[in-house]
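Novice: The structure that follows is given in the form of structure tokens.
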Amino acid sequence: MGLGEALRSWLRVRGRSAEHVSFAVRRLAGVVLALYLVVHMVDISTLLMGEHVYSAFLQVFASPIGLVFDVVLWVFLVLHGALGLYSALVEAGLLLERRKVLLAAAWAAALLLLVVGVVVILYVMG
Amino acid sequence: MKVRLVVRRWKEGWRAPRYDVFEVEADPSESVLDLVERVSLKLDPTLTFEHACHHGVCGACGMVVNGVERLTCVTRVGDVARNGVILVEPLHGFKVVSDLVVDKSRMFSRYPDDTRTLERVAARVEKLWDCVECGICYSACPVACSYPSYLGPSVLAWAFHRAVEEGMVPAPVASGSGVWSCHAAFDCSEKCPVNFQPGEKIMRLRRLLLRGAVEVV
Amino acid sequence: MTGAAIAYDLSLRGFRVTLLERGSAGSGTSGRTHGLLHSGCRYVADVEVARECYSENQILRRIAPYLFEKNGGLFVAITEDDLRYKEFFLKKCEEAGIPVREVSREEALRLEPNLNPQLKAAVVVPDGTFDPLKVILSFLASAKKYGADIRLYNEVRGFRVEGGEVKAVKVLDKVSLREYELEADFFVNATGAWANKVASLAGLHVPVKPSPGVMVALDGRIGNMVFNRLNKPGDGDIIVHHRGTSVIGTTSWVVSDPDEVTAPKEHVELLLRRGAEMAPIVSRMRVKAVYVSSRPLIGQAAQTGREISRSFAIIDHSSEGVSNFFSIIGGKFITARLMAEKMGGVVCEHAGVTAPSRTAELPLVPYWRFYG
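Chains as they are written, first to last, in my numbering: chain B, 6 to 131; chain V, 1417 to 1633; chain L, 49 to 420.
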């Protein structure tokens, strides 16, 4: 089974249910967060190169581009977290009868946290 | 109504599939399978597809219709045609043998020799499982479609019933290629034509295993 | 189904068998049976046919119990006319050796609450039901185990006939789109309603009258025991339940080409009406599927095709100048094993071989083994 076939099966959303789309979003968010973690390790390690290099990096993150990046990161974090909580519950065999309600609740929570977080990032930290 | 039936064709030795278009007259209450059969009888006898009971109990006629897995014998043309177009493709997750026929051996070969086909419903009533063994759950499952060793939703769902009745499961069920590979996408339960709920049963089986209520043999 | 059973019977006897099927397993008439494991009671008017049915019913339960829902059936009298049939029915069942038991109206309703509460009599019979595809696959898997080469999607296009013998069959493999010839010593035409269409490719004739019938599958299961109308066989006199569905059957008419059939709407209405007579809940249910299946009736057809005997016939085409070609028509799904046993005997005779049929003794290989 090729990589193309495997990726297509995960990311194919046409004809797929809301349940599957949520799964795909959760997975994608997880991958992005994992990649971010690696990148973050790299940029933190610039500290080793001296204070002025590290400060230069911090400047980038304080800029508007940095804010956009923070918002995007927050989106992925919230989605992965909320949908992850949903999957943690059902994968342990809990609340299976109400899984549709649970999924809706997870998305609602994600949206709420998203809005709150974006507000915080843009107005408080921006 | 006029229907444009688009069928994915593939024969042994072809490098790429081909999409054939058949313009047919159809009654909206006819089944998609009726259309495919009519095309194979009147327009192209080389079109291969699987079918048997024509009333939703044998699982042979599962196909992807306009992107959605369905049992075509109980899927009405009028319900699925989009602007008069119906695209028919073979199920995902299985190797294509020819046109709409797929090789379901990855599913059937995982059945234990002593598979129980009947459930006891009441004191004097037995029933074949609702699961018609169509393989639609494999086609819908992102894990089954990317991990060939995965036992698969229906096989694991049957194992859940076995676990409840007899308190044991075969080792492969409790392994990495068994219940632990399910990642809660639940598209299997959403697409299952008989509401067998394989996704839920896999999770319930996990709980039984975690609680130590089932013996792994 | 007949072909699958014959492949099994002959392979068990030591013949090298190749089975050619133009479509998928069960894609012909057999796949579309409503799945009734006949007790034989429906045909008690012909005691021999009934006895044959019951005997096969017993054999199938023994060799593959996992294929059948063995919940029995009820013959139910709704009208006075039905009631008048009861004495004859009970007498004939006894003559045929089929164990039946009359029950009270109350007990019938207790057993099956969806039956018409106005029912006038009920008799319990040893019916059963099955998923047709899985039974066919079990026979194919069993044939495969004993060496048969099962070639699905291989369509017979013609025959090469020379010197009073069929030398080879011309085949189109629809998987590879390859045409080829297959030589053999004997050829058995077990194509049922298509038997004449296929035989004519060899210049031979089979007196089969394809007889389609409509079936209506409901979106839900309304009972566990098969509902039969206590009367002579007629339209819409049976409701069969298996898995999550109930099927009302059937009607009957005659056509010349089994590939050209559509279900007349009046038949669907008739079936729903007759079904509701036995079980009023039918009129409140959604129809899940309507389908047609062409039975292979023997001989010259009467108007409706119902009066023709439904037992089977083996045709040896040496009367038409070809010594190694046989056709088999008629029969019911559940007598396929017996039909295969008889056909196996005929082939053995012509091959000068003595090998007994063992299909009644050995357990059937389960259907999932067909896939490896």
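We treat Cβ as the ideally placed atom computed from N, Cα and C, and that holds for glycine.
Go ahead and label B/Ser68 buried or exposed: buried means 16 or more other beta carbons lie within 10 angstroms of its beta carbon, across all protein chains shown.
Specialist: By the neighbour-count rule (16 or more Cβ atoms within 10 Å), B/Ser68 is not buried but exposed.
Novice: Measure from the alpha carbon of L/Gly121 to the alpha carbon of each residue in L/Met263, L/Arg334, L/Cys89, then state which is nearest.
Specialist: Checking every option, the nearest Cα to that of L/Gly121 belongs to L/Cys89.
Novice: Name the residues in the stretch 13–38 of chain B whose C-beta lies less than 7 Å from a C-beta of chain V; which are they?
Specialist: So the list reads Ser14, Trp15, Arg19, Gly20, Arg21, Ser22, Glu24, His25, Phe28, given in the order they occur along the chain.
Novice: Locate the beta strand (DSSP E) running through L/Gly261, then write down its first and last residues.
Specialist: From DSSP, the beta strand (DSSP E) with L/Gly261 extends over 256–266.
Novice: Report back the beta-carbon spacing between L/Ala327 and L/Ile270 to the nearest angstrom; my notes put them in contact at under 8 Å.
Specialist: Between L/Ile270 and L/Ala327 the Cβ distance is about 6 Å, and since that is below 8 Å, they are a contact.
Novice: For V/Cys1469, would you say it is in contact with chain B, using Cβ-to-Cβ distances shorter than 8 Å as the test?
Specialist: Not an interface residue.
Novice: Please report the distance separating the alpha-carbon of V/Val1589 from that of V/Lys1617.
Specialist: Rounded to the nearest angstrom, the two C-alpha atoms are 12 Å apart.
Novice: How many Å lie between L/Val295 and L/Leu85 at the Cα?
Specialist: Cα-Cα distance, rounded: 14 Å.
Novice: Thinking L/Tyr102 and V/Phe1524 are a contact (beta carbons under 8 Å), I'd like their distance in whole angstroms, please.
Specialist: With 8 Å as the limit, L/Tyr102 and V/Phe1524 do not qualify as a contact, their Cβ atoms being about 32 Å apart.
Novice: Do the stretch 187–207 of chain L and the stretch 119–139 of chain L touch if we need at least three Cβ pairs shorter than 8 Å?
Specialist: The stretch 187–207 of chain L is not in contact with the stretch 119–139 of chain L.
Novice: Please classify L/Lys244: does DSSP put it in a helix, a strand, or coil?
Specialist: Checking the displayed sequence, the identity of residue 244 of chain L turns out to be Asn instead of Lys. Note: L/Asn244 maps to helix in three-state DSSP.
Novice: Are the C-beta atoms of V/His1577 and some chain B residue less than 8 Å apart?
Specialist: No, no contact with chain B.
Novice: Contact criterion: CB-CB distance below 8 Å. Does V/Val1512 meet it with respect to chain L?
Specialist: No, V/Val1512 does not count as interfacial toward chain L.
Novice: So, V/Cys1363 versus V/Cys1598, is the Cβ gap smaller than 8 Å?
Specialist: Summary: the structure shown does not reach residue 1363 of chain V, with chain V confined to residues 1417 through 1633, and so no result is reported for it.
Novice: In chain order, what residues of the same chain have a beta carbon less than 7 Å from the beta carbon of V/Ala1573, not counting five sequence neighbours either side?
Specialist: These residues qualify, in order along the chain: Cys1547, Phe1612, Pro1614, Lys1617, Ile1618.
Novice: Hey, B/Leu72 and B/Leu127: beta-carbon distance below 8 Å or not?
Specialist: Cβ atoms of B/Leu72 and B/Leu127: closer than 8 Å.
Novice: Got a sec: is the Cβ-Cβ distance from V/Ala1629 to anything in chain B below 8 Å?
Specialist: With 8 Å as the cut-off, V/Ala1629 does not count as an interface residue toward chain B.
Novice: Please state whether DSSP places V/Ala1432 in a helix, a strand or coil.
Specialist: If DSSP states are grouped into helix, strand and coil, V/Ala1432 belongs with coil.
Novice: Quick one: give me the first and last residue of the alpha helix (DSSP H) that L/Gly392 is part of.
Specialist: Taken as a continuous stretch (DSSP letters only), the alpha helix (DSSP H) holding L/Gly392 covers 384–399.
Novice: Are L/Ser79 and V/Cys1474 close, meaning C-beta to C-beta below 8 Å?
Specialist: Ser is not the amino acid found at residue 79 of chain L; the sequence shown has Gly there. In this structure, V/Cys1474 lies closer than 8 Å to L/Gly79 by Cβ.
Novice: Within the same chain, show all residues whose beta-carbon is closer than 6 Å to that of V/Ala1556, passing over the 5 residues directly before and after it, in chain order.
Specialist: Closer than 6 Å at the Cβ level, and outside the excluded window around V/Ala1556, lie Glu1485, Asp1603, Cys1604, Lys1607.
Novice: For L/Asp221, write down the residues that DSSP places opposite it in a beta bridge.
Specialist: According to DSSP, L/Asp221 bridges with L/Asn202, L/Arg226.
Novice: Thinking C-beta only, is B/Leu84 closer than 8 Å to B/Tyr114?
Specialist: Here the sequence assigns Ala to residue 114 of chain B, which means Tyr is not the residue at that position. Against a cut-off of 8 Å, the Cβ pair of B/Leu84 and B/Ala114 comes out as no contact.
Novice: Just verifying my parser: in three-state terms, what is the DSSP assignment at L/Val173?
Specialist: If DSSP states are grouped into helix, strand and coil, L/Val173 belongs with the strands.
Novice: Can you check whether the C-beta of V/Glu1466 is within less than 8 Å of a C-beta belonging to chain B?
Specialist: With 8 Å as the cut-off, V/Glu1466 does not count as an interface residue toward chain B.
Novice: Mark L/Met273 as exposed unless 16 or more other C-beta atoms lie within 10 angstroms of its C-beta, in which case mark it buried.
Specialist: Under this definition L/Met273 is a buried residue.
Novice: Can you tell me whether B/His145 is helix, strand or coil according to DSSP?
Specialist: The question about residue 145 of chain B has no answer here: the residues shown for chain B are numbered 6 through 131.
Novice: Just checking my contact of L/Ser341 with L/Val302 at CB under 8 Å: how many whole Å lie between their CB atoms?
Specialist: L/Ser341 to L/Val302, Cβ: 14 Å. No contact.
Novice: Going by CA-CA distance only, name the one from L/Ala247, L/Pro174, L/Lys118 that's closest to V/Arg1536.
Specialist: The shortest C-alpha separation from V/Arg1536 is found at L/Lys118.
Novice: Between B/Thr51 and B/Tyr59, which are expected to be in contact by the criterion C-beta below 8 Å, what is the C-beta distance as a whole number of angstroms?
Specialist: Going by Cβ atoms, the distance from B/Thr51 to B/Tyr59 rounds to 5 Å, so yes, they are a contact pair.
Novice: Between which two residues does the beta strand (DSSP E) holding V/Lys1511 run?
Specialist: 1511–1514 is the span of the beta strand (DSSP E), which, as asked, contains V/Lys1511.
Novice: Tell me which residue opens and which closes the beta strand (DSSP E) that B/Leu88 is part of.
Specialist: Looking at the DSSP string, B/Leu88 is not in any beta strand (DSSP E); the run it does join, the alpha helix (DSSP H), is 69–96.
Novice: Looking only at DSSP bridge pairs, what is V/Met1479 linked to?
Specialist: BP columns for V/Met1479 point to V/Arg1486.
Novice: I'd like the span of the alpha helix (DSSP H) that includes L/Ala55, first residue to last.
Specialist: It spans 50–60 - the alpha helix (DSSP H) in which L/Ala55 sits, taken as one unbroken run.
Novice: Does DSSP put V/Val1630 in a helix, a strand or coil?
Specialist: In the structure shown, V/Val1630 sits in coil (DSSP, three-state: anything other than H, G, I, E or B).
Novice: If I follow the unbroken beta strand (DSSP E) through L/Tyr339, where does it start and stop?
Specialist: Its beta strand (DSSP E) spans residues 335–346.
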